[in-house]
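Chemist:
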Amino acid sequence: MPDPISQILTPLLAEYAWLIAGLLVLYGFVAALGNARKRGRRNVMPKPGSGDSPGIEALRLCKVAIRPLMSSEQASVFRTLRPYAEQRDLHLLAEVSLSAVFKVTAGGDRKRAFTGFGAIRQKYVDLLLTDENFVPVCGVEYHGSGHWGNKAAERDRVKRAAFKAAGLPLIEISDGDDLKTLPSRIDQALMRSEYPSASSHSARKQPPVRRAT
């Protein structure tokens, strides 16, 4: 005896077979078209600027200009120290980030180390003397006429604390100080310094003769 369900479905399948076949063909065509579009996208070069971060897009809409790295007062200090550094085979760098100078650790206390690093983050020392291997030996901070204020005072305290904790000398110069005394002040600081890199310089009673070029 024929199955009642088969008796119902067989005529329907026979009648709509063409429709089912058409739907299958249409599905295959749409799937193939989608894959072709995906392959095409891979071969198309992105337009300039597409996918850039909001910061880059903002820069394109802003006016970006260069500015002097140092004030005229800081530049005077730099020019005073340049021959001093050359005579002692030292490098003289300007506007150096404290996060590049110091590594902050606290044993296994990562939270304390993070807090300590956060204190020096985005702070800079005006001038930095390093040895031939670019190991810091002394920092120089200039307090000019426009330096003072609550924020400046706090930044100064942070810098002093960081240099002291590292055993690295920090020479501070105020507006009106005689710049001619700066080399001798640095020499005295290096003599007192416990920083390993400064020991080789502190042992020199007289500056070495500058190398012939």
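Using full-length UniProt numbering, read the sequence shown as starting at 1 and increasing by one per residue. All residues carry an ideal CB built from backbone N, CA and C; glycine is no exception.
(1) Could you have a look at Asp187 and say whether DSSP puts it in helix, strand or coil?
(2) Please determine, among Ser53, Tyr84, Gly55, Asp175, the residue with the shortest C-alpha to C-alpha distance to Pro183.
(3) Near Pro169, what residues of its chain come up, given a Cβ to Cβ distance below 6 Å and the 5 sequence neighbours on each side ignored?
(4) Relative to the C-alpha of Thr115, which residue among Leu81, Arg88, Gly144, Val158 is closest?
(5) Taking residue 221 as the reference, which of Gly167, Val104, Leu129 has the closest Cα?
(6) Have a look at Ala153, Phe163, Glu141, Cys62 and flag the residue whose alpha-carbon is nearest the alpha-carbon of Ser174.
(7) Going by DSSP, what residues sit across from residue 231 in a beta bridge?
(8) I'd like to check one pair, Leu92 with Pro162: are the Cβ atoms closer than 8 Å?
(9) Nearest to Ala94 by CA position, among Leu26, Leu69, Thr105, Val135, is which residue?
(10) Among Asp89, Gly118, Lys111, Leu24, whose alpha-carbon lies nearest the alpha-carbon of Phe102?
Modeler: Short version:
(1) Translated into positions along the sequence shown, residue 187 becomes position 187. DSSP places Asp187 in helix when its eight states are reduced to three.
(2) Position 183 of the sequence shown, counted from the first residue, corresponds to residue 183. Per the Cα distances, Tyr84.
(3) Here residue 169 refers to the residue found at position 169 when the sequence shown is read from its first residue. Taken in chain order, the residues that qualify are Cys138, Ala189, Ser193.
(4) The residue labelled residue 115 in the question sits at position 115 within the sequence shown. Checking every option, the nearest Cα to that of Thr115 belongs to Val158.
(5) Only positions 1 to 213 of the chain appear in the structure, and residue 221 is not among them; the question remains open.
(6) In the sequence shown, the residue the question calls residue 174 occupies position 174. With distances taken between Cα atoms, Ser174 lies closest to Glu141.
(7) This structure leaves residue 231 out entirely; the chain is present only between 1 and 213.
(8) The residue labelled residue 162 in the question sits at position 162 within the sequence shown. The residue labelled residue 92 in the question sits at position 92 within the sequence shown. Strictly speaking, residue 162 in this sequence is Ala, with Pro absent from that position. No. Outside cutoff.
(9) Translated into the one-based positions of the sequence shown, residue 94 becomes position 94. Looking at the Cα atoms, Leu69 is the closest of the given residues.
(10) Position 102 of the sequence shown, counted from the start, is the residue given in the question as residue 102. Residue Gly118 is the option with its Cα nearest to Phe102.
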